[in-house]
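In the working numbering, the protein residues as written are 60 to 660.
Below is one structure; the comments refer to it alone.
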RNA sequence: GGGGGCGUAGUGUAGCGGUUAACAUGCCACCCUGUCAAGGUGGAGAUCGCGGGUUCGAAUCCCGUCGCUCCCGCCA
């Protein structure tokens with residue numbers, strides 16, 4: 060080894076020892092006869108001193124050294140002189156007096172700062188990702204991610220789970236996303252699909268009798284990117300045999316709580332055990348099945364009151380069975396002038412038009428309780444209606460009441476949008492809070508208006524709730540699935556279900572979702588066949604490891620916890636991927652690229 | 001596929017129709033023996049993403065295009 064110690068471990072107890080350190084120059088402070096070098100490695104920082112009188116050779120080299128040079132130091136650990144200790148630094152009680160300094164590798168002036176946390180253009184960071192990843196904050200994120208995965212492996216191993224790898228070159232899986240295709244040279248004209256998840260394979264492993272399987276699995280979905288979505292991402296994929304919904308929830312809840320305690324003990328849990336919401340509760344109150352419970356801002360249904368108001372759109376909507384909901388933004392109206400109020404509500408209105416809303420109604424509660432309320436719909440309510448309304452929503456002086464009314468779907472979308480925006484604007488988010496919850500009792504099917512048929516809300520292997528089985532015949536839309544989602548801080552962290560293990564039930568589901576036996580056999584024949592050879596009841600879950608790591612790291616997007624992520628256009632700026640293929644490669648694959656695309660090449 | 005924001009020395013930003021494009025930081029040189037965001041003095045560094053247009057005059061206005069990013073669609 061070119062080092063005897065790392066740069067984060069030397070303490071007073073090492074004083075007097077001869078040590079060899081190696082790492083990167085974080086910063087150099089040249090005082091003429093005395094040069095200080097902050098030497099940095101993965102474990103920390105140690106101050107190295109080169110003295111023109113005491114160690115002239117080392118001092119001469121230190122004069123040549125620049126930021127990010129890789130150097131090796133041989134020297135002695137010494138107590139820092141009185142008054143020069145640095146309490147900010149873990150190693151701040153000592154410094155290392157260099158006898159010799161060896162430059163192992165020089166560095167150009169880096170295009171991005173490594174020794175300071177500064178805003179940076181994403182293009183720069185991605186182009187020089189290896190330098191971005193050298194920054195201590197990124198190293199912390201990547202190492203935290205490692206510790207999460209390591210903890211999960213140990214935890215599940217201790218509970219009888221077996222980690223089994225499944226193929227990357229496979230076949231379409233029954234999830235709704237677009238597949239990545241890989242051409243097969245040996246089978247001209249045929250393509251593999253990269254797995255969107257190992258869903259089928261893990262069920263087959265249950266058929267195979269492994270009973271408890273997990274995998275840290277790379278998954279691929281060819282859809283547009285978001286801050287929390289990359290085309291390739293990592294799931295903790297897990298499946299258990301002979302379980303009911305509660306068993307899967309309990310095991311995963313145990314894992315969640317243990318992870319938090321072990322890896323982010325400084326964070327606060329919203330509740331323990333985790334709160335459970337039904338899908339309906341989540342949608343009606345928060346407008347989404349992945350609510351952010353770090354703040355309240357709950358939507359309150361006021362259809363009965365608003366429907367009787369003099370505001371025609373509310374009357375009409377309520378008559379049509381469309382809801383009117385209110386979100387109370389505490390103190391948001393405050394002392395805003397009429398102009399300022401219109402500016403704020405105008406901005407919010409712009410935001411919700413994106414999700415299809417036609418407008419935003421509002422009432423501003425005055426600070427003086429005897430004053431009249433402000434807002435265009437305020438005078439459409441009678442005094443009695445106003446009192447009932449204010450009591451219903453718990454209005455306080457200075458509050459801003461935001462009204463939304465439209466189809467259920469649009470109202471949900473507006474509520475979700477407004478909650479996220481208001482929480483941000485009002486500073487209601489506690490960054491230390493982890494608001495985990497389970498969302499359960501999803502509908503088994505969602506009506507597809509375009510195709511005029513039911514669609515599985517998760518996938519076609521999701522089992523109905525046992526008590527809802529008869530509903531499959533009488534009222535499929537009311538049937539609940541065994542599906543469960545793990546949600547944290549407004550992100551879906553995981554989702555799963557108990558699977559259908561009964562061939563008869565499976566065959567009953569197919570026609571409901573417009574799936575013919577023939578088509579199903581073509582696509583999933585191997586599963587259906589496997590299910591004729593003794594299938595244990597089973598269920599499982601998949602977690603989004605990137606999102607979990609992002610939340611644990613307090614990062615704003617998953618790129619911060621992925622070593623080499625893609626940009627929003629799915630590109631790798633550093634390696635220039637994707638790129639055009641050599642004609643010879645395409646020929647071997649029996650693939651032609653259409654002319655208009657080639658012209659740009 | 002659609003909408004918004006951003007693109008100016010190595011880096012991060014200011015300038016938003018009018019002389020020589022500003023600030024911070026980094027970089028280079030010199031001075032400096034207890035600094036740790038060291039300090040001091042001096043210096044170099046920008047065809048203002050790219051292409052076109054409007055104008056006497058464009059970093060600034062308009063159109064197109066490319067890149068990054070946020071959102072809708074898409075995706076659980």
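Each residue gets a CB set at the ideal place from its N, CA and C atoms; glycine is no exception.
Tell me, which residues are paired with residue i by DSSP?
i	result
residue 661	The structure shown does not extend to residue 661, since the chain spans only 60 to 660, so no value can be given for it.
residue 601	296, 554
residue 631	636
residue 104	99
residue 277	293
residue 120	Answer is none; residue 120 lacks a bridge partner.
residue 153	138
residue 407	Answer is none; residue 407 lacks a bridge partner.
residue 272	221, 298
residue 328	493
residue 433	423
residue 358	386
Quick check: what's the CA-CA separation for residue i versus residue j?
i	j	result
residue 551	residue 235	16 Å
residue 161	residue 172	24 Å
residue 102	residue 181	26 Å
residue 404	residue 373	19 Å
residue 381	residue 467	6 Å
residue 660	residue 635	Confidence at residue 660 is low in this model, with a pLDDT of 48, below 50, so the placement of that residue should be treated as unreliable; the coordinate-derived value is given next. Cα to Cα, residue 660 sits roughly 14 Å from residue 635.
residue 292	residue 560	28 Å
residue 188	residue 229	31 Å
residue 169	residue 632	17 Å
residue 247	residue 281	23 Å
residue 496	residue 304	15 Å
residue 433	residue 394	11 Å
residue 538	residue 278	30 Å
residue 276	residue 527	33 Å
residue 562	residue 193	53 Å
residue 251	residue 220	29 Å
residue 647	residue 285	35 Å
residue 326	residue 592	47 Å
residue 554	residue 494	16 Å
residue 637	residue 239	13 Å
residue 315	residue 260	25 Å
residue 486	residue 456	19 Å
residue 204	residue 548	18 Å
residue 618	residue 569	38 Å
residue 124	residue 109	12 Å
residue 137	residue 77	10 Å
residue 133	residue 86	18 Å
residue 641	residue 242	15 Å
By a C-beta neighbour count over all protein chains shown, 10 Å radius and 16 as the cutoff for buried, is residue i buried or exposed?
i	result
residue 216	exposed
residue 245	exposed
residue 585	exposed
residue 368	buried
residue 424	buried
residue 576	exposed
residue 289	buried
residue 257	buried
residue 503	buried
residue 652	exposed
residue 142	exposed
residue 565	buried
residue 363	exposed
residue 266	buried
residue 298	buried
residue 384	buried
residue 90	exposed
Could you round the C-beta distance between residue i and residue j to whole angstroms and report it? I think they count as a contact, below 8 Å.
i	j	result
residue 345	residue 475	7 Å
residue 358	residue 458	Not confirmed; about 15 Å, so no contact.
residue 342	residue 543	That pair is no contact at about 15 Å.
residue 410	residue 480	6 Å
residue 222	residue 274	6 Å
residue 488	residue 353	5 Å
Run the proximity test for residue i: is its beta-carbon closer than 8 Å to any non-hydrogen atom belonging to the ligand ZN?
i	result
residue 113	The ligand content of the structure shown is nil, which means the ligand ZN is not present either.
- Query: Do three or more CB pairs link the region 151-160 to the region 602-609 at distances below 8 Å?
  - Reply: At 8 Å Cβ cutoff, the stretches do not touch.
- Message: Between the region 353-368 and the region 442-449, can you find at least three pairs of beta-carbon atoms closer than 8 Å?
- Response: yes
- Using 8 Å as the threshold, is the region 612-620 in touch with the region 309-317, meaning 3 or more CB pairs across them? These segments do not touch.
- Message: Would the region 67-80 count as touching the region 117-125 if we require 3 or more Cβ pairs under 8 Å?
- Response: no
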